[in-house]
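Comments concern the structure below.
In this note's numbering, the protein residues as written are 12 to 538.
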C-alpha cells in the first residue's frame with residue numbers, strides 16, 4: 012500500500028456507512044465502525060510521518076501512473092505529514108468523545124458519514140500536490156462541514172448557520188477556482204511542482220509552454236486565492252460565518268472546525284507562498300503587508316469580541332479568529348522563522364482548541380445550555396472538565412510551560428524581527444483573551460449550578476448538578492496530557508519536527524525534484 016490509501020480509508024468507510032445504516036440500527040455498531048476507520052487512519056498517518064521525516068525528499072504518488080502534470084499526484088513533505096498525523100489523531104479523539112456526547116441523538120450513521128468524509132477531505136488537502144485536486148478537497152471539506160453544522164436540523168439556528176457557512180464557503184471556493192483558471196491560462200499547468208518549476212525557469216520532463224504575462228497571472232492568482240482563503244480560515248474580513256457555525260454544530264464538530272478545518276486554508280497559503288510561488292519584490296511586499304494587516308485586525312477583533320460573549324461556544328469561536336490572525340501574521344513575515352512558527356502553532360492551536368471546545372461541550376452536555384451565566388457553578392461538580400477547561404485556556408493564552416506558549420513565542424520572535432509593534436499585537440490580544448477566559452472560568456466555578464434547559468437548549472440528557480461521562484472525560488485527560496507533554500518537550504519538538512518541516516517546505520528545488528524524478532522514472536518504464 013502507498014501513501015494514497017490514507018485519505019481513501021475514511022472516505023471508503025464513509026461511503027458504505029449509510030447503506031449499512033439501512034439494515035443496522037445499533038448505535039454501538041456505528042461507534043465501533045467509525046472508531047475502526049479513524050484508528051486505521053491514525054495508524055497509517057503515523058507511518059506516513061515516520062517515512063516523511065526519514066526521507067530527504069517529499070513522498071510522491073502518481074494516480075494511475077499518469078505522469079505529472081498530466082495526472083493527479085500526492086506529494087507529501089514533512090509539513091504535510093505532520094499536519095496529517097495531527098489531524099488523524101484529533102479525529103480519532105473526537106469520535107471517541109462522540110460516543111457519549113451523541114448518545115441520545117438519532118441519525119448517527121449520517122453524522123459519522125459526514126465526519127469521516129470531513130477527515131478524508133482534510134487529509135487529502137494536506138497531501139495533494141495539485142492545485143485543482145486541492146479545490147476538490149476543499150469541496151469535500153465544505154460539503155461535509157455544512158452538513159455537520161446543520162446536524163440539529165430541527166433548530167432554525169443550525170439551518171441558518173449552515174446556510175450562511177455554505178454561501179460564504181461556496182463563494183470562497185469559486186474565487187479559488189477562478190484563480191486557478193487565471194494561472195492555468197498563463198502557465199498551462201496546475202501541478203504544484205510544475206508551477207514552481209515554471210516560476211523558477213526549471214526544465215520539467217512533460218509540460219506545456221508559458222503564455223502571456225506570468226507576473227500578472229501570479230499577482231491575480233494571489234489576489235483571488237488570498238480572498239478565498241481569508242474566508243476559509245475565518246480571518247477578517249471573511250470571518251462572519253464562524254461565530255454562528257461553531258455554536259450551532261455538535262461540540263466534537265466545533266472542535267474540528269476550529270482546530271483543523273480553518274487551518275487547511277492557512278496551510279494552502281503557506282504552500283503557495285513559500286513552496287510554489289515564493290514571490291519577492293513589490294508583489295512580495297504587498298502580500299506581506301496584506302497578511303500582516305488583516306492578521307492583526309483578526310487578532311484584535313477576535314480578542315475584544317471575546318469580552319462581550321455570553322454563549323460559551325461563541326466566545327471560543329472568536330478565540331479561533333484571533334489565533335487565525337496570528338497565523339496569517341506569521342505567514343506575512345515571509346521568513347523561514349515565520350513559517351516554522353506557523354507550522355508549530357497550527358499543531359499546538361489544534362490540540363489546545365480541540366481540548367477547549369470538548370471541555371466546553373462537556374459543560375454544555377451536563378447543563379443543557381450554552382449560556383455562561385446559566386452554567387454558573389457547574390465547574391465545582393465537574394473537576395476533570397474544569398481542570399481541562401482551565402488548562403486549555405492557559406495554554407491558548409500562552410502560559411508556560413504549556414504547548415501554545417512556545418509556538419506563540421516563535422510567532423512573536425518572527426514578528427519583532429519585522430517590527431516591534433507587530434509583537435505588541437500578540438501581547439495585547441493575548442492579555443485581552445486571558446481576561447475573557449478568566450471571567451468565564453470564574454463564572455463557571457462560582458454560584459449555583461444551572462437547574463435545567465434554558466435559552467440555548469442542547470438536545471441531550473440534562474444533569475443540572477454536573478455529570479462527567481467516561482468517554483468524554485477520557486478524551487479530555489488525553490488532550491490535557493498532550494498539551495502538557497508537548498509543552499515540556501517543545502524545545503526538542505521544534506528542533507526535530509517544526510524546523511525540519513519548514514526547512515523542507517521552502518526548498519522548492521527538492522519539491523520540484525521529487526516530481527521530476529517520478530516523471531522520468533515513469534517515462535523510462537514506457538508510461
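Glycine is no exception: its CB is placed at the ideal position from the N, C-alpha and C atoms.
Item                                                                                                                : Value
Check whether residue 136 and residue 187 have beta carbons under 8 Å apart                                         : no
Cβ neighbour criterion (16 or more within 10 Å) applied to residue 37                                               : exposed
Residue 133 versus residue 361 - alpha carbon distance                                                              : 13 Å
Within 8 Å, strictly: CB atoms of residue 412 and residue 498                                                       : yes
Stretch pair the region 423–430 + the region 337–357: three plus CB contacts closer than 8 Å                        : yes
Local Cβ density within 10 Å of residue 383, reported as buried at 16 or more and exposed below that                : buried
Ordered list of alpha helix (DSSP H) runs contained in the region 315–345, each at least 4 residues                 : 323–343
Beta-carbon proximity of residue 340 to residue 433, cut-off 8 Å                                                    : yes
Cα-Cα separation, residue 467 to residue 260                                                                        : Only weak support exists for where residue 467 lies, its pLDDT of 43 falling under 50; the coordinates are left without a value.
Cα-Cα separation between residue 140 and residue 204, rounded to whole angstroms                                    : 7 Å
Residue span of the beta strand (DSSP E) that contains residue 3, given as start and end                            : Shown here, the chain extends from 12 to 538; a query on residue 3 therefore has no answer.
Among 272, 213, 441 and 286, nearest to residue 311 - alpha-carbon criterion                                        : 441
Residue 36 beta carbon near the ligand PLP (any heavy atom closer than 7 Å)                                         : In the structure on display, the ligand PLP does not appear, and there are no ligands present to speak of.
Residue 255 classed as buried or exposed, judged by whether at least 16 other C-beta atoms fall within 10 angstroms : buried
Alpha-carbon to alpha-carbon, residue 305 and residue 190                                                           : 20 Å
For residue 221, the three-state DSSP class (helix, strand or coil)                                                 : coil
Span of the beta strand (DSSP E) around residue 73                                                                  : 70–73
Residue(s) in a DSSP beta bridge with residue 141                                                                   : 202
Residues sharing a beta bridge with residue 382, DSSP                                                               : 322
Proximity below 8 Å, CB of residue 364 to CB of residue 299                                                         : no
Supposed contact pair residue 371 and residue 327 - C-beta distance, whole angstroms, cut 8 Å                       : 6 Å
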